[in-house]
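Chemist: I have a structure I would like to understand better, so I am pasting it below and will then ask my questions one at a time.
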Amino acid sequence: MLYTLLYALHTQYSFFNVFRYITFRAILAILTALVISFFLGPWVIQRLKDLQVKQYIREDGPKNHREKEGTPTMGGTLILFSIGVAVLLWADLTNFFIWVALLVLAGFGGIGFADDYLKLTRRNSKGLSMKHKMLFQVLVALVASLLLYRNPTFKSTLAFPFIKGMMPDLGALYILLVIFMIVGTSNAVNLTDGLDGLATGPVLISAGTFMVLAYLAGNVKIASYLQIPYVSGSGELTIFCGALVGAAMGFLWYNTYPAQLFMGDTGSVSLGAALGAVAVMTKQEFLLAIVGGLFVIETLSVIFQVASYKLRKKRIFRMAPIHHHFELLGWAEPKVIVRFWIITVCLALLAFSTLKLR
Ligand code: 57M
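Pasting the structure below:
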């Protein structure tokens with residue numbers, strides 16, 4: 005909104021021409037979301053405590069988690085508010101992709117909020133049933149996929165890293181791909197959010213990676229030089245990703261070990277879905293699988309653990325998701341967290357390296 009107002013002034017005062025630049029507005033979005041989440045954090049923590057919005061710790065979890073009982077949760081409300089303000093201020097609100105991204109973020113945020121709320125009112129770690137959660141998530145993802153599929157300027161093709169030029173048109177199957185990307189990433193981030201800052205860090209790094217990728221995909225000259233799909237208008241997602249980065253940075257100040265605040269499903273479900281949606285809209289689905297490799301590993305660890313237990317009555321890991329396995333190996337929580345962050349930074353660098361290896 006401010007973008008439209010301020011840029012319009014460039015005819016009288018040339019200084020305001022700077023608001024035309026996506027990079028400038030992305031930096032403003034990062035700083036706006038960071039300042040809001042950082043300075044509102046203490047107030048939100050206190051309000052959540054007053055409202056008894058606190059985490060119930062499952063009995064069957066690692067012993068050291070017992071002391072986390074009572075930590076305020078649903079900090080995702082702070083994250084979503086920070087992102088919303090920053091995007092509404094600095095993004096071009098006539099941009100189609102911005103509204104699809106906001107729809108996914110808000111839709112999944114609502115599902116996560118309902119889940120957290122039910123856990124609170126039922127005073128246990130159950131929430132929405134898996135069936136209802138999946139149904140609502142697929143519905144929101146279906147709306148986003150249909151908006152994209154029916155947009156005449158948006159192609160239903162799938163790009164592959166390393167193999168330039170191979171971009172099959174999936175036709176109506178593309179709708180299933182979009183739903184899979186959004187719902188899959190949402191649940192993968194949700195599973196990963198099991199240690200202080202363990203999800204927040206990789207979300208921050210992934211959003212930062214896609215902040216750059218969106219800029220590249222939306223710039224016809226750079227996209228053709230790098231031989232990546234040019235997606236007209238997707239450059240505005242640079243501002244959306246910048247807001248994700250800023251909000252995650254401010255939230256991490258309070259979510260880092262020992263956490264004063266958890267994001268809850270309100271945060272993990274919506275942030276994951278938003279990353280999945282951005283990856284689809286910038287046509288970089290495989291790069292999300294690379295930079296978000298930690299989310300993939302965490303999800304696969306659960307799949308393999310459950311399958312192994314069902315088939316062989318034996319566990320592969322001491323406990324899944326895999327972050328608990330290392331905890332039970334005796335790694336201190338901060339050691340698991342920071343090592344997983346280091347892995348994510350390496351994966352982000354690997355994702356960037358594929359841009360030239362075409
Ligand atoms: C999402 N939620 C955390 C917090 C956060 C199928 C099975 C693998 C499902 C999985 C599960 O329940 N996943 C739910 C993970 C929970 O965090 C809350 O949830 C929000 C994210 N959705 O924002 O509000 C706990 O994680 C800890 N935490 C922190 N710091 C943070 O910043 O310490 C979270 C954020 C919090 C807190 O303790 O209470 C969670 O772990 O539930 N189940 C599991 O992950 C369980 N694994 C398991 O059952 N493994 C089995 C089978 C099913 C694979 C096995 O290995 O045999 C583990 N989680 C728990 N207890 N709580 C282990 C048992």
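Sequence positions in the sequence shown follow this note's numbering and run 5 to 362. Ideal Cβ placement from N, Cα and C applies to all residues, glycine included.
Excluding five sequence neighbours on each side, which residues of the same chain lie with their C-beta closer than 6 Å to the C-beta of Phe-214?
Modeler: Around Phe-214: Cys-245 and Val-282.
Chemist: Would you call Leu-106 buried or exposed, if buried means 16 or more other Cβ atoms sit within 10 Å of its Cβ?
Modeler: Leu-106 comes out buried.
Chemist: Using a threshold of 6 Å, is the CB atom of Asp-119 nearer than that to any non-hydrogen atom of the ligand ADP?
Modeler: In terms of ligand content, the structure shown lacks the ligand ADP and carries the ligand 57M instead.
Chemist: Might you give, ordered along the chain, the residues of its own chain that have their beta carbon closer than 8 Å to the beta carbon of Arg-322, omitting 5 neighbours on each side?
Modeler: Hits under 8 Å: His-328, His-329, Leu-332 and Leu-333.
Chemist: Tell me, to the nearest whole angstrom, how far the beta carbon of Thr-75 is from that of Lys-58; I am working on the premise that it is less than 8 Å.
Modeler: 6 Å between Cβ atoms; contact.
Chemist: For Glu-73 versus Thr-196, is the C-beta distance shorter than 7 Å?
Modeler: No, the pair does not count as a contact, with Cβ atoms beyond the cut-off.
Chemist: Assuming Phe-344 and Leu-202 are in contact, meaning their beta carbons sit under 8 Å apart, how far apart are those beta carbons, in whole angstroms?
Modeler: The Cβ separation is near 6 Å, so the contact holds.
Chemist: Count the other CB atoms within 10 Å of the CB of Met-285; is the residue buried (16 or more) or exposed (fewer)?
Modeler: Met-285 comes out buried.
Chemist: In chain order, what residues of the same chain lie with their CB nearer than 7 Å to the CB of Met-253, ignoring the 5 residues before and after it?
Modeler: Around Met-253: Leu-38 and Leu-208.
Chemist: Rounded to whole angstroms, what's the CA-CA distance from Gln-309 to Asp-64? Just pull it up for me.
Modeler: Going by the C-alpha atoms only, they are around 16 Å apart.
Chemist: With distances taken between CB atoms, is the gap from Ile-61 to Arg-70 smaller than 7 Å?
Modeler: Against a cut-off of 7 Å, the Cβ pair of Arg-70 and Ile-61 comes out as a contact.
Chemist: Whole angstroms is fine: what's the gap from Ala-192's alpha carbon to Asn-99's?
Modeler: Answer to the nearest angstrom: the Cα atoms are 28 Å apart.
Chemist: Compute the Euclidean distance between the alpha carbons of Leu-84 and Met-185, then round it to the nearest angstrom.
Modeler: Each residue's Cα considered, the two are about 20 Å apart.
Chemist: Mind checking whether Asn-155 and Thr-204 have CB atoms under 7 Å apart?
Modeler: Against a cut-off of 7 Å, the Cβ pair of Thr-204 and Asn-155 comes out as no contact.
Chemist: Using only the heavy atoms of the ligand 57M, determine whether one of them is closer than 6 Å to the beta carbon of Val-310.
Modeler: Flag set: Cβ of Val-310 near the ligand 57M.
Chemist: So for Lys-287, helix, strand or coil by DSSP?
Modeler: Three-state DSSP puts Lys-287 in coil, outside helix and strand.
Chemist: Quick one: give me the first and last residue of the alpha helix (DSSP H) that Val-300 is part of.
Modeler: Element bounds for Val-300: 297 to 316.
Chemist: Looking only at its own chain, which residues have a Cβ that is under 7 Å from the Cβ of Gly-111, when we skip the five neighbours before and after it?
Modeler: Val-144, listed in sequence order.
Chemist: In the DSSP assignment, what residue or residues form a beta bridge with Asp-173?
Modeler: Thr-161, per the DSSP bridge assignment.
Chemist: If you drop the 5 nearest sequence neighbours on each side, which residues of the same chain put their C-beta closer than 7 Å to that of Leu-304?
Modeler: Answer for Leu-304: no residue qualifies.
Chemist: Just checking my contact of Lys-168 with Pro-233 at CB under 8 Å: how many whole Å lie between their CB atoms?
Modeler: That pair is no contact at about 10 Å.
Chemist: Just to check my reading of the structure: Leu-241 and Phe-28 have Cβ atoms closer than 8 Å, yes? What is that Cβ distance to the nearest angstrom?
Modeler: At roughly 16 Å, the Cβ-Cβ gap does not stay under 8 Å, so Leu-241 and Phe-28 are not in contact.
Chemist: Just grab the DSSP bridge partners of Lys-135 for me.
Modeler: Lys-135 is not bridged to any residue.
Chemist: Going straight from the alpha carbon of Gly-276 to that of Gln-16, what length do you get?
Modeler: Rounded to whole angstroms, Gly-276 to Gln-16 spans 42 Å at the Cα level.
Chemist: So the candidates are Met-170, Asn-68, Glu-289 and Ala-148; which of them puts its Cα closest to the Cα of Tyr-383?
Modeler: An answer regarding residue 383 cannot be provided, because it is not within the stretch 5 to 362 covered by the chain.
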